[in-house]
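In UniProt numbering, the protein residues as written are 1 to 444.
Structure first, commentary second.
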Amino acid sequence: MTKKRQDSIPAGKVKRASKFLSTGFKVGGNYVKHYAKKATGGKVTQESLDEANAEDIYGLLSELKGSVLKVAQMLSMEDQMLPLAYQERFALSQNRVPPLSGPLIKKTFMKYLGKKPSEVFDEFSSEAKYAASIGQVHKASIGDENYAVKIQYPGVADSIQSDLKIARPLAAKLLNLSLKDLDYYVKEVESKLIEETDYVQELSQGMYISQKCNHLEGVVFPEFKKDLSSEKILVMEWLDGPSLKDYIEKNKGTDRAGADQIGQALWNFYNYQVHQLGIVHADPHPGNFVITKEGNLGVLDFGCTKEIPEHFYNSFFALINKEVIDNDEMLMKYLIELEIIKNEDTPDTKKYLIEVYREIIGMVAEPIIAGKFDFSDRSYFEKINNTGQALSKDKKLKKIGTARGSRHAIYINRTYFGLYRLLHMLGATVDTTTFMNKAEVADA
Numbered sequence: 001m002t003k004k005r006q007d008s009i010p011a012g013k014v015k016r017a018s019k020f021l022s023t024g025f026k027v028g029g030n031y032v033k034h035y036a037k038k039a040t041g042g043k044v045t046q047e048s049l050d051e052a053n054a055e056d057i058y059g060l061l062s063e064l065k066g067s068v069l070k071v072a073q074m075l076s077m078e079d080q081m082l083p084l085a086y087q088e089r090f091a092l093s094q095n096r097v098p099p100l101s102g103p104l105i106k107k108t109f110m111k112y113l114g115k116k117p118s119e120v121f122d123e124f125s126s127e128a129k130y131a132a133s134i135g136q137v138h139k140a141s142i143g144d145e146n147y148a149v150k151i152q153y154p155g156v157a158d159s160i161q162s163d164l165k166i167a168r169p170l171a172a173k174l175l176n177l178s179l180k181d182l183d184y185y186v187k188e189v190e191s192k193l194i195e196e197t198d199y200v201q202e203l204s205q206g207m208y209i210s211q212k213c214n215h216l217e218g219v220v221f222p223e224f225k226k227d228l229s230s231e232k233i234l235v236m237e238w239l240d241g242p243s244l245k246d247y248i249e250k251n252k253g254t255d256r257a258g259a260d261q262i263g264q265a266l267w268n269f270y271n272y273q274v275h276q277l278g279i280v281h282a283d284p285h286p287g288n289f290v291i292t293k294e295g296n297l298g299v300l301d302f303g304c305t306k307e308i309p310e311h312f313y314n315s316f317f318a319l320i321n322k323e324v325i326d327n328d329e330m331l332m333k334y335l336i337e338l339e340i341i342k343n344e345d346t347p348d349t350k351k352y353l354i355e356v357y358r359e360i361i362g363m364v365a366e367p368i369i370a371g372k373f374d375f376s377d378r379s380y381f382e383k384i385n386n387t388g389q390a391l392s393k394d395k396k397l398k399k400i401g402t403a404r405g406s407r408h409a410i411y412i413n414r415t416y417f418g419l420y421r422l423l424h425m426l427g428a429t430v431d432t433t434t435f436m437n438k439a440e441v442a443d444a
């Protein structure tokens, strides 16, 4: 079935703000209907309200595209953050967004390459193969060589700051955060989103990471075509195979050996970057990977990478140690270095935060300390989700203020929770001791 195409993207602060406003009215109407039906004895559930709101909000985000859709994509990977209806709807942003029409694609080519797609490639698919938050991907060829052509949506980069400002109240409500706490994180997210709209930088990052990681067993990378790329168009070798998402949907539970192999490749890819390179591909969602016919993990997208400062690295990974987790004094030392505990906090607040973060860190560290871990273990992820939901409602923690911790932790936490979730979706068992030490030889 042909996907519905989008002929234009709302541009300008006023147009985009009006879209947010109209969706706000729709969501408000859903609440009115919900409570009116409830008041008259009708059968209503929170799940049905969530589904109606999620559909309306996702409809808005998929039309606007860009930063707000990217944030929805990020949130779809966070089980403990959103109700199931939102997770399922927002997950569509991983590669199933309504694509742009042909005229908009040609316009982008003419603006940035001075040629139509047909003048650059022998063949160019008019239908997008994937359409996500920042751009969409088409398949093209020159002679016998096949290419993935990523085209950025018009106006995405220009709308990031204003969109995030407009979306603040909605995001705060969905995440159950105060606006003050939310703003603490927005700057880091904003800077990364701006980086993602720079395809020249993504080209450079992709070439660097693929060159440094090409020795990793079971991981393959596309060759980038610098001469065909520009700031809004990125061209690379086409890697055949289903997306990781499609592979999981088709094979989960039927190919345990294959899942373990892919899971180990994911683990090695991420931890080699973190511990050896000091930079990491910080966007671990299943739309960014394909599984080749040889069973290798193909890495596709390098728009979101995070450099890891050494001082942050040393303090953060010092916590992944049972001796530190069990020792109040050592734990507090590193929590202060990571800006989670402040010197001006009262003794009672410090004690409370030590206990809260001991539990959180213990759960994150559990697979690493185990040495070999079965990520199909549902009880482990239920424990993470239940803890996350309990903490989001913790009145004492809210009073203390949830906006704590180094800004560098935002994308490192996202990387590890995203990696863990991918491994859970795969049902993989992984050797978690590999590439977990800076002292390991780079070409091991």
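Ideal Cβ positions, reconstructed from N, Cα and C, are used throughout, including at glycine.
| query | Start and end of the beta strand (DSSP E) containing Ala148? | reply | 145 to 152
| field | Residues sharing a beta bridge with Ser141, DSSP | value | Glu123, Asn146
| request: Taking only the alpha-carbon atoms, compute the straight-line gap between Leu92 and Lys139 and give it to the nearest angstrom. | output: Note that Leu92 scores a pLDDT of 45, beneath 50, so its modelled location is shaky; the value from the coordinates is reported in the next line. If you take the alpha carbons of Leu92 and Lys139, they lie about 20 Å apart.
| query | Are there 16 or more other CB atoms within 10 angstroms of the CB of Ala282, so buried, or fewer, so exposed? | reply | buried
| When you compare only the Cα positions, how much space is there between Val200 and Lys226? | 9 Å
| query | At which residues does the beta strand (DSSP E) containing Thr305 begin and terminate? | reply | 305 to 307
| request: Spatial neighbours of Leu319 within its chain, please: CB distance less than 6 Å, with the 5 preceding and 5 following residues excluded, ordered by chain position. | output: Tyr334, Ile361
| said: Can you list, in chain order, the residues of its chain with a C-beta nearer than 8 Å to that of Tyr357? Leave out the 5 residues immediately preceding and following it. | reply: Answer for Tyr357: Leu331, Leu335, Ile340, listed in chain order.
| request: Kindly indicate which residue of Lys351, Met207, Phe375, Val430 has the alpha-carbon position closest to the one of Leu397. | output: Lys351
| said: Counting C-beta neighbours from all protein chains within 10 Å, is the total for Lys192 16 or more, i.e. buried, or is it exposed? | reply: buried
| task | Kindly give me the distance between the Cβ atoms of Val220 and Asn296, rounded to whole angstroms, as I take these residues to be in contact under 8 Å. | result | 5 Å
| request: Would you tell me roughly how many angstroms separate the C-alpha atoms of Thr254 and Lys293, rounded to the nearest one? | output: Near 17 Å, if we compare the C-alpha coordinates of Lys293 and Thr254.
| query | Using 8 Å as the Cβ pair cut-off and three pairs as the minimum, do the stretch 418 to 427 and the stretch 250 to 264 touch? | reply | yes
| In angstroms, rounded to a whole number, what distance separates the CA positions of Val120 and Lys342? | Each residue's Cα considered, the two are about 57 Å apart.
| request: Using a Cβ cut-off of 8 Å (strictly closer), state whether Asp301 contacts chain B. | output: The structure shown contains no chain B; it holds only a single protein chain.
| task | Give the DSSP bridge partners of Leu429, in chain order. | result | The sequence shown places Thr at residue 429, rather than the Leu named in the question. DSSP, once it has assigned bridges, lists Asp374 as partnering Thr429.
| Curious, which full-length beta strand (DSSP E) runs of at least 3 residues does the stretch 267 to 355 contain? | 279 to 281, 289 to 291, 297 to 299, 305 to 307
| In its own chain, which residues sit with a C-beta less than 8 Å from the C-beta of Glu366, not counting the 5 before and 5 after it? | Phe373, Tyr380, listed in sequence order.
| Among Glu195, Glu202, Val430, the one whose alpha carbon lies nearest that of Ser376 | Val430
| said: In whole angstroms, give me the CA-to-CA distance for Phe25 and Asn437. | reply: At Phe25, the pLDDT of 39 sits below 50, so the modelled position is not reliable and the matter cannot be decided from this model.
| message | Taking contact to mean 3 or more Cβ pairs, one atom from each stretch, closer than 8 Å, check whether the stretch 298 to 314 and the stretch 204 to 221 are in contact. | response | yes
| Just checking my contact of Val290 with Leu216 at CB under 8 Å: how many whole Å lie between their CB atoms? | Incorrect: roughly 16 Å between the Cβ atoms, too far for contact.
| Residues that DSSP places opposite Ile233 in a beta bridge | Ile151
| Reduced DSSP category for Ser118 - H, G, I as helix; E, B as strand; rest coil | helix
| field | Segment limits, alpha helix (DSSP H) that includes Thr108 | value | 102 to 113
| said: According to DSSP, is Phe224 part of a helix, a strand, or is it coil? | reply: strand
| task | Consult DSSP for Ser243 and reduce its assignment to one of helix, strand or coil. | result | strand
| field | Met236 versus Ile368: straight-line alpha-carbon distance, rounded | value | About 35 Å.
| task | To the nearest angstrom, report how far apart Leu228 and Val324 are at their CA atoms. | result | 51 Å
| task | Alpha carbon to alpha carbon, how far is Met363 from Leu266? Give it in angstroms, no decimals. | result | 20 Å
| request: Could you check which residue in Arg404, Ala390, Glu310 has the C-alpha nearest to that of Leu353? | output: Arg404
| said: Just to confirm my understanding: we take Asn146, look at its own chain, exclude 5 residues before and 5 after, and list those with CB closer than 7 Å. What are they? | reply: Lys139, Trp238
| Cβ of Pro242 within 8 Å of Cβ of Ala148? | no
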